[in-house]
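**Student:** Before I ask anything, let me first share the structure, which is written out below as structure tokens.
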Amino acid sequence: MALFDRKAKADDAPIQPEPAPQTEATAEKGNAGANSGQSKHQVLPTYNHNGHLVSKWVQAEGESGRSGFQPANFFKLVWRSSSPASSYTNVLWPFVPAAIALHFAEGEHHVWTFAINYIAMVPAANLLGYAGQELARKLPKVAGILIETCLGSVVEIVLLMVLVATDKAGAEVGHGNLTNVIQAAILGSILTNLLLCLGGCFLVGGIRHKEQKFHAVISETGSGILLVAGFALLIPSAFYSALSGSTTDTTVEGEATYTIAKLRADTLTISHGVACILVVAFGTFIVYNAVSHDNIFNEVLEADEEMDRDRHKNLRKAKLTLTECLVAISLSLTIVSLIAVFLVEEIEFIVTQQHIPDNFVGLILASVPLVEKAAEHLTTIDEAHDNMINSALFHCIGPSIQTALFNGPLAVIVSWGLGKSLSLNFEIFMVVVLVLSILVVGNFLRDGSSNWLEGALLLPLSTESFLPAGNSIPRGGVPFSPVIITKAQGTRLYDANDKSILDFTSGQMSSLLGHSHPEIVRVVQQYVAELDHLISNMVTHPVVELAERLARVLPAPLEKSFFLSTGSETTEAAIKMAKCYTGNFEIVAFAASYHGLTQGSGSATYSAGRKNGGPAMPGQLAFPAPYAYRSPFRKPDGSYDWEIEMDFGWSMIDRQSVGSLAAFIMEPILSTGGILDLPEGYLQRMVKECRKRGMLVIMDEAQTGVGRTGQMFAFQKDGIVPDILALSKTLGCGLPLASVTTTAEIERGCKESKFLWLTTHLNDPLTAAVGCKVLEIVERDNICQRATERGEQLRTGLLKLKEKYWCIGDIRGRGLLQGVEIISDPRTKAPGPDLGQSVSDRALSRGLSCNIVNLPGMGGVFRLAPPVTVAPEEIEEALCILDEAFGHVLEAHQTLTAAA
């Protein structure tokens, strides 16, 4: 094909004297003269490769007809950009100086700084893309388009390098605070080019031309290499997922164990190997395109230009000189690098303080797809509109290939060189979405044509790929944690990126002996294979044994037990038993109580969940909670006068009651209510008052029972015995097991009153066997003594923090159930829920999960309840994290206050 033969073209062209340097004005004047006095074929070039002249008056496509740097022409051309669509992004240039100024401004402007820099990235990246395109016009077709693609990805590389450099990664895989952001940015870039940009090209091109044909060499080569890259990226994630279930942090004597630390190290090694292989593959891809098969790609792309509806206009359009290209590239790279640094500095605040998941930040906000490639995508879609579908396809698939084969692996290799531990162990959900997206695109490319329907299908698919998986889960009234947990072992949790998090809430205050305790795991494995679930009236050995064990460890006359699944069920059942036995219906509970959220238990809950659910059960009465730190009942010396407060409380109950008092349901330590430990003598006096009125005492030890407070049951400290005891959470060590225990007398009376309580999992043997094992371990390993010792260590450390930080108003609790109340003003004790939430978020980002409750009338209160198996060094680690979190938050608070 002589038309595409460079040598033939050069030899056949008439020899022209070298023209004098021209300005844009003289070139335009020459063009006008040529149009009036020369034939059309002398003016419009049929081949414009490599800057060769094709007429006396019209320069080749890549040449400007000027030389050096001419500011007026430079700024005019930069403003016009490569297409009208991309030129619209230049109206955002004022955001660039605004972003720089805001970064250096005094005060805390995290959100505004992030947002302004996010917008400022668009025009800066557009300038880089335009300069790269102009430079590419001066080079051979394939080499030019490869360099253009590489320059378009420079912003992505810069941003990834800044993220890697900023990532506070330790020696173990997954300990980086920005690892999720980096990984999501890599996959987000690939998906955006494949789905969003390609979908836009197919849609716009299909609407304009109905159907567009593209060359098989571009589609098959691109989609094939992407599929190989996708499977390569899947290897570390698949390896980790396949073996994570067989790892342990606990070494059992006589058994070979594969620890999670060893698995992380092996996964990192595999990631390093895969990254190196992918970089080599990228080099091979470049050689294939630019050297061995460049003639094929040249012909395809040049034929594509012949189909460009705006070809003649583009050939005459003024262009940048080589010097101006280099100036534009240097300027844009400088701006982009600055903005990337400013963006990354704010990401941690956005994730931890604004509660935006880091994966979302990586995919949508900090990921390059929607920021630095916005203008490039507009230009690519414009190419599809002009029927240059092969070029558009090259611009969509090329950047995806570079990200998958080079940019992402380069980030891993650089992290390796810096002694950090970024791996290619993506969340399995994310990498599966990537592979499926590649398969979908490959299927659309298979027939060698595109239409608007395929584009219309790809665009919504791009949106669906970025939706957080948690959107299918109702929030239940509380926000989700910004991390996804994939493994829990001992006292630690591991997120989707293998970052270790100390669990100082024991799950839902339940995992008393830590997560995945090996003895409990074996019990579950045995009974799930032998005896898991039966109809409720069938008797099994585990249920009988658990009832007998509870009767042995509980004081008489508590001896009759049945077993349910949750704490709400137990308190609901206990309340119904009290009503059946007494024949009365009024239930009294503390004003800061939490006993569940079912209809009966929720009616006795006053700390949360009472609003917008309709009327409570009849006969619900609230009693003043013994809140020593804030109670208005004081003795002359200023100390807490709980006796006067109790007298006041009973006087109010007696006035409100209609004479049908059935029971007082209470917690020995109000946990959700703010870790309110009842004063010495309080329970004894309370039981006397209840007996005086013919009321039963229901003790809810969901969070305090089975050794957590230093005694087997917290009520034993005061020497009283309740009429009904409700246990849950700690009894099952994280599994759904709960119990209701009462006296033989009350059980007999309930039976006579036709008490009925049946649920699906009443007296299940599997969970009962777990309960037996939990009680065995608690007694055998002296867990109560351990809770006392570790609790004293934790409390001592918290008291030191209280002396150091003014925002800690009170430390209270017992054993390994401690509370830290946060205030905003030491003088007035004004609540500080926002400060507390900030500390909680900061601690989580540093590797500590500690629940904080924010209730009306009190400050945010941390509930610290680690598994009783927590090691002394883990308590010290948690205290260090809290120390850093308080210091960080108070420093930011002080800066903000000073600025205000």
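Per this note's numbering, residue -14 is the first one in the sequence shown, and the count goes up by one each step.
Beta carbons are placed, not taken as given, at the ideal position from N, Cα and C, and that holds for glycine.
(1) State yes or no: is the C-beta of residue 801 nearer than 7 Å to some heavy atom of the ligand GTP?
(2) Rounded to a whole number of angstroms, what is the C-alpha to C-alpha distance between residue 197 and residue 115?
(3) Per the DSSP calculation, residue 271 is bridged to which residue(s)?
(4) Taking the continuous alpha helix (DSSP H) assigned at residue 403, which residues delimit it?
(5) Mind checking whether residue 324 and residue 169 have CB atoms under 8 Å apart?
(6) So residue 726 packs on residue 708, CB below 8 Å; how close in whole Å?
(7) Output the distance between the C-alpha atoms of residue 661 and residue 481, rounded to the nearest integer angstrom.
(8) Please work out which residues of its chain come closer than 8 Å, Cβ to Cβ, to residue 949, disregarding the five sequence neighbours upstream and downstream, and give them in chain order.
(9) Is the stretch 519 to 539 close to the stretch 565 to 573, with three or more CB pairs under 8 Å?
(10) Are the stretch 547 to 561 and the stretch 581 to 597 in contact at 8 Å, needing three or more beta carbon pairs?
(11) Which runs of the alpha helix (DSSP H) spanning at least 4 residues fall entirely within the stretch 538 to 588, listed in chain order?
(12) Going along the chain, which residues of its own chain have a beta-carbon closer than 7 Å to the beta-carbon of residue 815, five neighbours each way excluded?
(13) Residue ranges of each beta strand (DSSP E) run of no fewer than 3 residues wholly in the stretch 684 to 767, ordered along the chain?
(14) CA-CA distance, residue 250 and residue 221?
(15) Could you check which residue in 229, 256 and 255 has the C-alpha nearest to that of residue 243?
(16) Taking contact to mean at least 3 C-beta pairs separated by less than 8 Å, is the stretch 685 to 703 in contact with the stretch 517 to 534?
(17) Quick one: residues in its chain with C-beta nearer than 6 Å to the C-beta of residue 684, no 5 flanking neighbours on either side, listed in chain order?
(18) With the cut-off set at 8 Å, would you say residue 104 and residue 77 are in Cβ contact?
(19) Please name the residue in 863, 875 and 876 whose C-alpha comes closest to that of residue 486.
(20) Buried or exposed, going by whether 16 or more other CB atoms sit within 10 Å of the CB of residue 118?
(21) Would you mind sorting residue 874 into buried or exposed? The rule is 16 or more other CB atoms within 10 Å of its CB.
(22) What are the start and end residues of the alpha helix (DSSP H) that includes residue 512?
(23) Over the uninterrupted beta strand (DSSP E) stretch that includes residue 151, give me the two end residues.
(24) Just checking, does the stretch 73 to 90 make contact with the stretch 300 to 318 on the three C-beta pairs under 8 Å criterion?
(25) State buried or exposed for residue 876, treating a residue as buried only when at least 16 other CB atoms are found within 10 Å of its CB.
(26) Could you please give me the residues that DSSP links to residue 225 through a beta bridge?
(27) Give me whichever residues DSSP pairs with residue 198 in a beta bridge.
(28) If you follow the beta strand (DSSP E) that residue 836 is part of, which residue opens it and which one closes it?
(29) Report buried or exposed for residue 171, applying the criterion of at least 16 other Cβ atoms within 10 angstroms of its Cβ.
(30) Quick one: residues in its chain with C-beta nearer than 7 Å to the C-beta of residue 695, no 5 flanking neighbours on either side, listed in chain order?
(31) Exposed or buried, residue 384, counting other C-beta atoms within 10 Å across all chains shown (16 or more means buried)?
(32) On a CA-only basis, which of 513, 411, 215 and 143 is nearest residue 425? Give me that one, please.
(33) According to DSSP, which residues form a beta bridge with residue 806?
(34) Decide if residue 123 is buried, meaning its Cβ has at least 16 other Cβ atoms within 10 Å, or exposed.
(35) Three Cβ pairs or more, each shorter than 8 Å: is that satisfied between the stretch 750 to 760 and the stretch 729 to 739?
(36) Determine the extent of the beta strand (DSSP E) in which residue 651 is found, giving its start and end residues.
**Tutor:** Based on what the coordinates show:
(1) No copy of the ligand GTP occurs in the structure displayed, which carries no ligand at all.
(2) 26 Å
(3) Beta-bridge pairing links residue 271 to no other residue.
(4) Looking at the DSSP string, residue 403 is not in any alpha helix (DSSP H), and its letter there is neither H nor E.
(5) no
(6) Actually they do not touch by this definition, with Cβ atoms about 10 Å apart.
(7) 35 Å
(8) The requested residue 949 is not part of the displayed model; the chain covers only -14 to 885.
(9) no
(10) yes
(11) 552 to 567 and 584 to 588
(12) 808 and 809
(13) 709 to 712 and 723 to 728
(14) 11 Å
(15) 229
(16) no
(17) 700, 707 and 710
(18) yes
(19) 863
(20) buried
(21) buried
(22) 503 to 515
(23) No beta strand (DSSP E) holds residue 151; the alpha helix (DSSP H) holding it covers 139 to 151.
(24) no
(25) exposed
(26) Residue 225 pairs with nothing; no bridge assigned.
(27) 434
(28) 836 to 838
(29) buried
(30) 769, 772, 773, 776, 799 and 800
(31) buried
(32) 215
(33) 795 and 846
(34) buried
(35) no
(36) 646 to 651
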